Amino acid sequence: CVLSTESSDVFGLVGSSFQLDTPHHVPVFDDLSWVFEGAKNVIKYYNETKKYKQHPAYEGRVEFNVETYSLTLKNLQKTDSGPYEAKANGAQNTVVVKYRLSVLDPVEAPVLASASHQLRNNICNITLTCRGHDLSLNSSCYNETCEEKEVTSPRGITLSLLVNGNSIICNNSNPVSWKKAILEMEELKQLCSDNAEHSTEEDELPLQLLLLAVAAIGIIILLVICISFYLCWRKSTGMSLFQMRVQWEQTF
């Protein structure tokens, strides 16, 4: 008869170590084995001799504690993912503990950036984009208030955007690692200030063009008046500018 127990889901980081513990109370046994995928003995410990044997494939990759019966897996790889159980064999065979280990890669660093910004009625509206792995989310910020959002992928990767004091944080995480990107509120204020200056310059530009256009039209009208006056005068006197100049010189 084999007494069983429920399995616990645990997570390890690629390249790190992970310890599989046994309960504080382990029933009396002749030998205790840590088994991978229900068949492969990683370690087999003999209570009478206080010695153990390990599978050749795990040479240098595991440590066994003869006092607590815990098993430490070193330099974890994706292939180490799977079910582990500790079996105590004696008068009664017992599955002491069960684990389902998932070995995961570390998450990549997320990217937090401004997607767009505008200033309307002295209110700064900014759209932020938080990206990591295949996940992305947008958040709207009004002055110094930003929406907090979170999304989780089927693979257990969580991307979240939150506000902590004067910092906006884009956090990318899984059960074994996390990385973040930070944008300070002062940087958002600067974006709005730059946008306001740019808007002022754009507002001033049409006014400058209007003034230039008015000046040009005024000059054209003045030239037309002068030319019209000259033509009328010439018609009435019958003199050209050259004749007028000669008459002027003779007079003086």
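Numbered per full-length UniProt numbering, the sequence shown finishes at 252, counting up by one with no gaps. Virtual Cβ for every residue (Gly too), placed ideally from N, Cα, C. Computed from a prediction, not measured in an experiment: that's the story for all the values here.
Do N174 and P110 come within 9 Å of each other at the CB atom, strictly closer than that value?
Their beta carbons are not under 9 Å apart, which means P110 does not touch N174 by this criterion.
Take P27 and list the residues in its own chain whose beta-carbon comes closer than 6 Å to its own, dropping the five residues that flank it on each side.
Cβ within range, chain order: A88 and T94.
If contact is defined by three or more beta carbon pairs under 8 Å, each pair taking one atom from either stretch, is the region 151-167 in contact with the region 76-90?
No, the region 76-90 is not in contact with the region 151-167.
Return the residue from the list I227, G165 and S160 that minimises the CA-CA distance to E144.
Nearest Cα to E144 within the set I227, G165 and S160: G165.
Can you tell me whether I219 is buried or exposed, with buried defined as 16 or more other CB within 10 angstroms of its CB?
Counting Cβ neighbours within 10 Å, I219 comes out exposed, since fewer than 16 surround it.
Local conformation of Y69 per DSSP, three classes
If DSSP states are grouped into helix, strand and coil, Y69 belongs with coil.
Where L76 sits in the DSSP three-state scheme:
Of the three classes helix, strand and coil, the one that applies to L76 here is coil, per DSSP.
Short of 8 Å in beta carbon distance, which residues of its chain neighbour D21, apart from the five on each side in sequence? Order them along the chain.
So the qualifying residues of the chain are T68, S70 and V97.
On a CA-only basis, which of E48, T129 and A86 is nearest L8? Give me that one, please.
What sits at residue 8 in the sequence shown is Ser, not Leu. Put simply, of E48, T129 and A86 the residue whose alpha carbon is nearest the alpha carbon of S8 is A86.
Sufficient close CB pairs (3 or more, under 8 Å) joining the region 122-129 to the region 177-193
With the rule of 3 Cβ pairs closer than 8 Å, the region 122-129 counts as touching the region 177-193.
From G38 to P83, what does the alpha carbon distance come to, in whole angstroms?
Distance between the alpha carbons of G38 and P83: 7 Å.
Residues near L112 by beta carbon distance below 6 Å, same chain, minus five either side:
Within the same chain, Cβ atoms closer than 6 Å to the Cβ of L112 are found at C130, C170, A181 and L183, the five residues on either side in sequence being excluded.
If you draw a straight line from the C-alpha of S81 to the C-alpha of L188, how long is it?
Going by C-alpha positions, S81 is about 44 Å away from L188.
Taking its Cβ as the centre, do 16 or more other Cβ atoms sit within 10 Å of Q54, making it buried, or is it exposed?
Answer is buried; the Cβ neighbour count reaches 16.
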